[in-house]
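One structure below.
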Amino acid sequence: MSMNVSDLRMDCHLGEKCYRKKKQHFYERRHRHLEKLLEEYQDLNIPTTFIAKLSHQTLREQLKFLQEIRSDCTTVEDSLQNIGKSSPVSLSPNKKLTGSPMSSSKNNDKSSSNEQICSYGEKCYRKNPKHFETFSHPHLNDLIKIMGDKEISIPPDHKTEISLETLKLQLSFLRRNEVSEDSEDHIQPSSSSSRSSRCKHPEEASCKVYATSKNEAQAQGYRVVVLDRVKNPILNKLMAAAPYNFFLTTISDSPQTHNEMLSLTFAELVDPNLGQLESSLQINFMVQFGWLLAQYHIMGHRNKPMTLLYGDVDMELDRFKHFLTPVKVKPPSSFGSHHSKMMVFSYTDDSIRIVVCTANLVESDWDNRTQGLWISPRCSVLPKKSDTMAGDSPTNFKRDLIKYLSAYKLPELVPWVKKLQNVDMSAVRVFFISSVPGTHHSPAGHLKHDFGHPSLAKLLNEHIDISDNNSYPVIAQCSSIGSLGPKPESWLLSDMLSTFTSGKRHGVYSKPSFRFIYPSFENISSSYDGLLGGGCLPYSRKTHQRQEWVTSFMCQWISDHRHRTRAPPHIKTYCRVSPDCSKLSYFVLTSANMSKAAWGVLSKSGSLNILSYEAGVLFLPQFMIDRDYFPLTEELADENAPVFPMPYDLPPTSFAYSDIPWFIENIM
0 MSMNVSDLRM DCHLGEKCYR KKKQHFYERR HRHLEKLLEE YQDLNIPTTF
50 IAKLSHQTLR EQLKFLQEIR SDCTTVEDSL QNIGKSSPVS LSPNKKLTGS
100 PMSSSKNNDK SSSNEQICSY GEKCYRKNPK HFETFSHPHL NDLIKIMGDK
150 EISIPPDHKT EISLETLKLQ LSFLRRNEVS EDSEDHIQPS SSSSRSSRCK
200 HPEEASCKVY ATSKNEAQAQ GYRVVVLDRV KNPILNKLMA AAPYNFFLTT
250 ISDSPQTHNE MLSLTFAELV DPNLGQLESS LQINFMVQFG WLLAQYHIMG
300 HRNKPMTLLY GDVDMELDRF KHFLTPVKVK PPSSFGSHHS KMMVFSYTDD
350 SIRIVVCTAN LVESDWDNRT QGLWISPRCS VLPKKSDTMA GDSPTNFKRD
400 LIKYLSAYKL PELVPWVKKL QNVDMSAVRV FFISSVPGTH HSPAGHLKHD
450 FGHPSLAKLL NEHIDISDNN SYPVIAQCSS IGSLGPKPES WLLSDMLSTF
500 TSGKRHGVYS KPSFRFIYPS FENISSSYDG LLGGGCLPYS RKTHQRQEWV
550 TSFMCQWISD HRHRTRAPPH IKTYCRVSPD CSKLSYFVLT SANMSKAAWG
600 VLSKSGSLNI LSYEAGVLFL PQFMIDRDYF PLTEELADEN APVFPMPYDL
650 PPTSFAYSDI PWFIENIM
């Protein structure tokens, strides 16, 4: 049986030079040269006279993966045929269940004998599932025993020391732990049998598909691999992420991130549990359209209306116009780009959800690269005849998002603006910050601009109190660097540092230090994909030779606590952290790199010139946790103000004398 899922899988861009030795890679990407070799040498005995781009040993390992994948697909197909073509097959590739959950008493006995009881007792506010694997919580076990196998619900008369939302999340962790314990004795170790068992238990599903043909069975195999990185239900993840709703993308080659509650794959964004999808708006720079469609398809969405604003796409889109409305966006300047990355999902009940992120819509960006995402609450529809700007948040998120979309002046966006006008965004607690190309004039002064870095400065001046003698260093972290000028004061330590240190001042303050997290050559060479991992970091040696002073500010990319040190950062963030790394003044997640094209340049007259489209969100503690800082340590955190999930380790580690920045020429 041949692995015919070319409608879902993209060709590996490395072709015959592919060096990968991870089975998952060969499930997700097609390798035509290996398919031909396997047809010719089914026993894997490649003649010594065969000339290969790689070693024969590597070829044999890769061909063995293809053999196993074909076997897996046969297993999936047989499983589907046993169920019946007309029966709905529910896929949950992560839950290895073969029976009902074990009794609560069994779990209680096991926890009492092997686990230490949590010292916080009923006041425990933790949302980390590992905490509940390590420590016992008798009060939660008692609740599980009362509920039995029923859906998690809290008795009306139950008194709790923490919020009901947190309590339900903790109970879901215990329920999941006891299920996994019960199923361990029934699972066969081989990958093919485990995949078969996953497909035979529709009651544990999160994605419903229908088995109608061999191709569907093979597509099912692809779903298993893609969703194998998803170890926790998306609704539980959203509960765990509150109140920040800030996630990083799951890293294919870092298994620890597959279990992390604050890690997401693209497919999870269109999980039906988030809402019954009606249509979507995708705004991005680079698009691999086949891969994008595959992410929708594996979650059961086919031919759902989509509006796509893009800068570059890898195929002709005319044949998809029965459901796709594509618009290529060209900034006025050839030095600018349509660099924004965001999504709007519209559901059948007219509610919407917004995602602002840093990843392109290409497979490699969601594979072994560190990306950031902010996900909005589900915004319900407003009562009819409501004012068009009703339902805005205290951060004016709705107003600023609509202002940004309106700046495109595209008729294709008019229906989406109307959708956004008709929903309630009052629960959103981040600010929307953006850049729109053009020369912007503000009669009220440069700090009244709606776009670019002055818009960030305006928000910080309105809401941030400068304290501790302005000692909080500024930390910038991005994936590329533009032309910043011949010296630090040309733009970086003048316009930009002034913006990043904006706030209400109560006296004269000295200028704080500036740190710049950008990968070194060593960071990239030791990444999961080796030097090719630096393909998302387009900083050029030619640009650097005009501003070598930048190196003195540079720090390594290290993310050990998030298991992403070997996953090159395509994420872009800007923040201020206290000298002892215990407090965070604010945090920006954005598509904007450190460049004048992205943030804009102010003229002496006060006008602002921007070359690119950018989109991001600003987190301010006053609006999210009612404090003047985000806690970065457990000692300062509590249930209502959890530790902010920084994407990198603190404090930043400066470049050593021998370190050099990563340059894109290393792979050209």
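In terms of numbering that gives the first Met the number 0, the sequence shown opens at residue 0 and continues consecutively. From the three backbone atoms N, C-alpha and C, an ideal C-beta is built for every residue, glycine too.
Sort the options by Cα distance to residue i and report the nearest one.
i: P646; options: S253, T248, H448 and N460; result: T248
i: K308; options: G299, S336, N302 and Y295; result: The identity of residue 308 in the sequence shown is Leu, whereas the question assumes Lys. Checked all of G299, S336, N302 and Y295; the closest Cα to L308 is S336.
i: H560; options: L291, S253 and Q23; result: S253
i: S339; options: E277, H543, K327 and Y346; result: K327
i: P232; options: V427, N272, S594 and S606; result: N272
i: W290; options: T550, S493, S539 and L360; result: L360
i: N235; options: L168, K35 and H505; result: L168
i: K129; options: I250, I151 and S171; result: S171
i: E277; options: F322, C477 and S251; result: F322
i: F552; options: F515, A240, G534 and Y585; result: F515
i: Q544; options: T357, I666, L292 and I659; result: I659
i: F654; options: W548, D317, F49 and D364; result: W548
i: G534; options: K144, S363 and M146; result: S363
i: D366; options: R59, R540, T256 and L483; result: T256
i: H448; options: K402, C17 and C477; result: K402
Quick one: what's got a C-beta closer than 8 Å to residue i's C-beta in the same chain, skipping five residues either side?
i: D391; result: K397, R398, M424 and S425
i: Q115; result: T133, F134 and S135
i: P188; result: Low confidence applies to P188: its pLDDT is 36, below 50, so where it sits in the model is not reliable enough to give any reading.
i: N652; result: The amino acid occupying residue 652 in the given sequence is Thr; Asn does not appear at that position. These residues qualify, in order along the chain: C554, Q555 and I557.
i: G274; result: F344, Y346, T347, D348, S350, R352 and R377
i: F49; result: H55
Who are the near neighbours of residue i in its chain, counting only those whose CB is closer than 7 Å to its CB and skipping five residues on each side?
i: S379; result: S350, V422 and D423
i: T165; result: Y124, K126 and E638
i: T394; result: V427, R428, V429, F430 and F622
i: F25; result: Q61, F64, L65 and I68
i: L404; result: L412, W415 and V416
i: Y628; result: K582, L583, S584 and P620
Do you know offhand how far residue i's Cα is from residue j's?
i: D10; j: Q281; result: 23 Å
i: N283; j: A640; result: 32 Å
i: K582; j: S470; result: 12 Å
i: E180; j: C554; result: Unreliable positioning characterises E180 in this predicted model, as indicated by a pLDDT of 47, which lies under 50. A coordinate reading is not provided.
i: I153; j: L163; result: 8 Å
i: F334; j: A596; result: 7 Å
i: S577; j: S501; result: 15 Å
i: S112; j: N140; result: In this predicted model, S112 has a pLDDT of only 45, less than 50, meaning its place in the structure is not dependable enough to derive any value.
i: A389; j: M238; result: 26 Å
i: L617; j: W556; result: 22 Å
i: H296; j: V269; result: 10 Å
i: Y407; j: P330; result: 10 Å
i: T632; j: K35; result: 55 Å
i: L381; j: Y346; result: 14 Å
i: H562; j: I570; result: 15 Å
i: E664; j: G532; result: 13 Å
i: S584; j: L619; result: 7 Å
i: E39; j: T57; result: 17 Å
i: I523; j: T369; result: 12 Å
i: I250; j: K383; result: 43 Å
i: F513; j: C574; result: 10 Å
i: S493; j: G371; result: 27 Å
i: V642; j: W661; result: 31 Å
CB-CB under 6 Å to residue i, same chain, minus the five flanking residues each way: which ones, in chain order?
i: E259; result: none
i: T438; result: S606 and N608
i: I353; result: V343 and S375
i: S479; result: P537, Y538 and N592
i: Q121; result: Residue identity differs from the one stated: residue 121 is Glu in this sequence, not Gln. So the list reads H138 and E160, once near-sequence residues are dropped.
i: V286; result: Y309, V312 and L360
i: K22; result: F64
i: C117; result: C123, F134 and H136
For this session: Spell out a yes or no on whether the region 455 to 471 and the region 401 to 417 are touching, meaning 3 or more CB-CB pairs, one atom from each, closer than 8 Å.
Result: For the pair of segments examined, the region 455 to 471 was found not to touch the region 401 to 417: the number of CB pairs separated by less than 8 Å stays below three.
Exercise. With contact counted as at least three CB pairs below 8 Å, one residue from each stretch, are the region 555 to 570 and the region 520 to 533 in contact?
Worked result: A contact exists between the region 555 to 570 and the region 520 to 533.
For this session: Return the chain-ordered ranges of every beta strand (DSSP E) run that is complete within the region 291 to 336 and spans a minimum of 3 residues.
Result: 305 to 309 and 323 to 327
Exercise. Counting pairs of Cβ atoms below 8 Å between the region 617 to 633 and the region 486 to 499, do you hit three or more?
Worked result: The region 617 to 633 is not in contact with the region 486 to 499.
Exercise. Which runs of the alpha helix (DSSP H) spanning at least 4 residues fall entirely within the region 524 to 573, listed in chain order?
Worked result: 540 to 544
For this session: Could you pull out every unbroken alpha helix (DSSP H) segment of at least 4 residues lying fully inside the region 21 to 70, listed in chain order?
Result: 22 to 27 and 31 to 39
Exercise. Can you list, in chain order, the stretches of the beta strand (DSSP E) that have 3 or more residues and sit fully within the region 329 to 374?
Worked result: 341 to 346, 351 to 356 and 371 to 374
Problem set entry | the region 238 to 248 / the region 293 to 303 touching (three or more Cβ pairs under 8 Å) | no
Problem set entry | Contained beta strand (DSSP E) runs [length at least 3] in the region 593 to 656, N- to C-terminal order | 607 to 609 and 613 to 618
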